[in-house]
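Following: one structure in C-alpha cells, then a few remarks.
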Amino acid sequence: MLTHLHIRDFAIVDQLELEFQSGMTVLTGETGAGKSILLDALGLTLGDRADSSFVRHGAERAEIIASFDVAGQALIADWLGGHQLEGEGGECLIRRTVGADGRSRGYINGRPAPVQLLKELGEQLVDIHGQHAHQYLLRRNAQRQTLDAFAGLADAAANVTAAYQDWRAVSGERETLSQERQDREARLELLRYQIEELEALDLSEKELADLDDEHHRLANVTRLQEGAQSAILALSEDEQLAAVGVLERIAAELSQLAGYDSELESVAELINGAAIQAGEAAGELRRYLEKLDIDPERLAEVEQRLDTLQDLARKHRCRPDQLPEFLEAARQERDGLEASETRLDDLDQQLEKTLAQYRKLAGNLSRKRCQAAEKLAKQVTVNMQELGMKGGHFEVEITTTGDEPAPYGHDQVQFLVTANPGQPAQPLQKVASGGELSRISLAIQVITAGREGIPTLIFDEVDVGVGGGVAEIVGRQLHALGEDRQVLCVTHQPQVASQGHQHLRIAKQTRGGTTRTRVEPLSDGERVEELARMLGGIAITDQTRSHAREMLTLASDARAKRREKSKV
1 MLTHLHIRDF AIVDQLELEF QSGMTVLTGE TGAGKSILLD ALGLTLGDRA DSSFVRHGAE
61 RAEIIASFDV AGQALIADWL GGHQLEGEGG ECLIRRTVGA DGRSRGYING RPAPVQLLKE
121 LGEQLVDIHG QHAHQYLLRR NAQRQTLDAF AGLADAAANV TAAYQDWRAV SGERETLSQE
181 RQDREARLEL LRYQIEELEA LDLSEKELAD LDDEHHRLAN VTRLQEGAQS AILALSEDEQ
241 LAAVGVLERI AAELSQLAGY DSELESVAEL INGAAIQAGE AAGELRRYLE KLDIDPERLA
301 EVEQRLDTLQ DLARKHRCRP DQLPEFLEAA RQERDGLEAS ETRLDDLDQQ LEKTLAQYRK
361 LAGNLSRKRC QAAEKLAKQV TVNMQELGMK GGHFEVEITT TGDEPAPYGH DQVQFLVTAN
421 PGQPAQPLQK VASGGELSRI SLAIQVITAG REGIPTLIFD EVDVGVGGGV AEIVGRQLHA
481 LGEDRQVLCV THQPQVASQG HQHLRIAKQT RGGTTRTRVE PLSDGERVEE LARMLGGIAI
541 TDQTRSHARE MLTLASDARA KRREKSKV
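Every letter in the sequence shown is one number past the one before it in UniProt numbering, and letter 95, counting from 1, is 95.
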C-alpha cells in the first residue's frame, strides 16, 4: 500500500508531505484546488510521461517520492529481486525527478531505473480508475480486457497471445517461402544447368595459366627455334666469334699475364667460369631445340579450350580465371535454395504444431470466458440496480471469430445492457445515456477491482453523474473494497466522502502573489465542516452541519452492521 508521498516543486506545490493509511481515504476540495495534481504527481512515479510544465515556475526541477509497504507481496518482491531492485524492511521507494528542460530520471530503492521499469512496477502497485472509464468501456477490446480482468485470465490471455505470435511467425515465414517457390524453382533449374556445364568443363585453378603459357609457346615455335639456334651459334658454333671460344682465349691470356701480376689470377678465374657457363647454356639450348616441335593439332586443341573458357566467362559475366569461383558460388546458392525446400516441409510441420497449441489455449480461454461472463453479468446487474437503475439488466455476449487465429483468441466480447425492464439488451454504446454509462462503468469497476490483487486502488471522480442515495451506495461499495486493501477516492460527493476511513482536504492558498496547494488530514470536527461545505451553498448553517454529522453517524452505523454481519 501507499504509505507516504513527498512532492517538491511540482505544478503549484512547493513542498508537500502526505501520509496514507490503510482502508478508504477520501480526498476532497474545491474545484481547481489541485486534487488532480496529487494524482499526476503519483502517476509520474508510476511511469507516466514527464513534461517540463510539471516543474513549478522558477524551480530547477520537480521531485516526487512515493513510498509503498510491500511486505507480504510475494509477486512484487519477486519482481524487485529479479531486477536487482530490492528494498529494505518491506519498503519500496520510487523517486522521479523532472528538470525544467523536460528531462526526467527515475529511481527504485535508490537505484536508477528507466521509465518502462517504473511503469511495470507501478502496474503491480496501483490501479487507477478514472472519471472517463465509461468512455474506455465503449471500446470492444476494452470490454474483452475487462472480462479477462474479472475472471483473472490475464496470464491465460497472454499465453494465447504468445501462441498466436509463434503461429504467426511460422505462418509468415512459410507464406514468404511459398510465394517465392516458383521463382526459386526457376532459379534452381538454371543453377543446376550452369553447375552441370561448369563441372563438365572440369576446370582446375591453374589450368588457365598453363593453357596461356602453352598457347604462347605453340603459336611461336618458329620464332623460338630461330632464336635458340641463333643463340647457340653465338655461344659456341661460330669459329671466330663464338662467345665460349672468345672467353676461353681471354682467360688463357690473362692466366699467362698473371705470372707477372697475381692480381689478374682472380679475373682470369671469373672469365674462365663465364666460358664454362656459356658452354652449359649452349647445351641447354640444344636440348630445348630437340623437344621444340611444331604441333598444329595441339595448338588447335589449346585454342579450342581457351575459346570455350572465354565463351563461358562472357556468358556468366566474369573473367575466365573467375569461373571456378562462379562455380562454387552457384553450388552454395543451389544448396541454400534446396535447403529452403526442406525448410518449407519443416515449416508445414511447425505450422501444424503451433496452430494446435494456439487452438488448445484459445479453446481453454474461451471456455473460461464463457463461464466468467455469466458471473460478471449477474454481479453487474445487481450493482446497477443498487446504483438506482431499477430493472436494468447487463449481459456479456461472446461470439466466435472463426478458425483464423487472432492475438486475443477466438472470442469477440460485447457488453449489452437494457436500462429499463421489457426492453431488449443492446450494445452499451447504443442505449446508455451519459449518467447511465457512469453508473454501469462504476458497477463494473468496483467488481473487477475487487477481483484483482493490486494492493492500492485509486478512484478519480468515478462518481460523476450520480448523487443522493446512489452516491451513498457508491461510497459503501468503495468502503467495502477498503476493508481488505487500500482505496484512495477523489470525490465531490459528500455521501461518498462520509464513508472514508481517512479524509484529506486539498485547498489552494495564495500568499505574497504565489499560489500553493496544501493538503491536510481532517479531524472528526473538521470532517463535519468539510461535508457541510460540500452539502451546502454559500453559507454553512447549523442545519447543514447537523446533516453532515448525521451522514457520518449513518456511515459509521452501516459499517458496524456490515462487520457484525460478516462475523455471522
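Heads up, the beta-carbon is just placed ideally off N, CA and C, and yes, glycines get one too.
For L481, the secondary structure class from DSSP, reduced to helix, strand or coil, is helix.
Along the length of the segment 320-403, whole beta strand (DSSP E) runs at least 3 residues long occupy 393-400, reported in chain order.
The Cβ-Cβ distance between L327 and P320 does not fall below 8 angstroms. Straight-line measurement puts the Cα of L2 at about 16 angstroms from the Cα of A74.
For M24, there is no enclosing alpha helix (DSSP H); the residue is found in the beta strand (DSSP E) stretching over 24-28. A straight-line Cα-Cα distance of about 34 angstroms links T517 and I447. The beta carbon of L478 lies closer than 8 angstroms to those of M24, V446, F459, V487, C489, V496, Q499 in the same chain, with the five residues before and after it left out.
With respect to the 8 angstroms criterion, D463 and L442 are classified as neighbours on the basis of their beta carbons.
Rounded to the nearest whole angstrom, the C-alpha separation of T28 and N364 is 45 angstroms.
Ranked by Cα distance from R96, the options F10, D155, E352, G87 are led by F10.
A278 sits close to L235, with the two beta carbons spaced by under 8 angstroms. In the DSSP assignment, I64 is bridged to I7, R96. Here DSSP, grouped into helix, strand and coil, assigns F20 to coil. E248 and L254 have their alpha carbons spaced roughly 10 angstroms apart.
Per DSSP, reduced to three states, the secondary structure at D40 is helical. Distance from L306 to H215 at the Cβ level is roughly 6 angstroms; contact confirmed, criterion being Cβ atoms closer than 8 angstroms. Judged by DSSP in its simplified three-state form, T222 adopts helix. Selection N220, T176, L285 evaluated against S230 yields L285 as nearest (Cα-Cα).
In this chain, Y260 is not harboured by any alpha helix (DSSP H), its DSSP state being neither H nor E. Remark: C-beta atoms of L80 and G72 do not approach each other more closely than 8 angstroms. Excluding five sequence positions before and after E520, the CB atoms of its chain that fall closer than 6 angstroms to its own CB belong to R505, given in chain order. For R314, the enclosing alpha helix (DSSP H) covers residues 296-315. In this structure, T515 places its C-beta atom within 8 angstroms of the C-beta atom of I12.
In the three-state scheme derived from DSSP, where H, G and I count as helix and E and B as strand, D460 is classed as strand.
If you ignore the 5 residues before and after L337, its C-beta comes within less than 8 angstroms of the C-beta of R184, R187, L188, L191, all in its own chain and listed in chain order. The C-beta separation of A157 from D148 comes to about 5 angstroms, placing the pair in contact by the 8 angstroms criterion.
Among the bridge pairs identified by DSSP, F415 is matched with V396. The alpha-carbon separation between A243 and I271 amounts to approximately 11 angstroms. Taking C-beta atoms as the reference points, K119 and G47 count as a pair closer than 8 angstroms.
Assigned with DSSP and collapsed to three states, H492 falls in coil, not helix or strand. Setting aside the 5 residues that flank it on each side, V221 is surrounded in the same chain by L292, I294, each with a C-beta closer than 7 angstroms to its C-beta; the list follows chain order. The Cβ-Cβ distance between L18 and T456 does not fall below 8 angstroms. In the displayed model, Q429 falls within a helix according to three-state DSSP. The C-alpha of H393 is placed about 8 angstroms away from the C-alpha of M384.
In the three-state reduction of the DSSP assignment, L208 falls in the helix class, which pools H, G and I.
In this structure Y260 is exposed. Its beta-carbon is surrounded by fewer than 16 other beta-carbon atoms within 10 angstroms.
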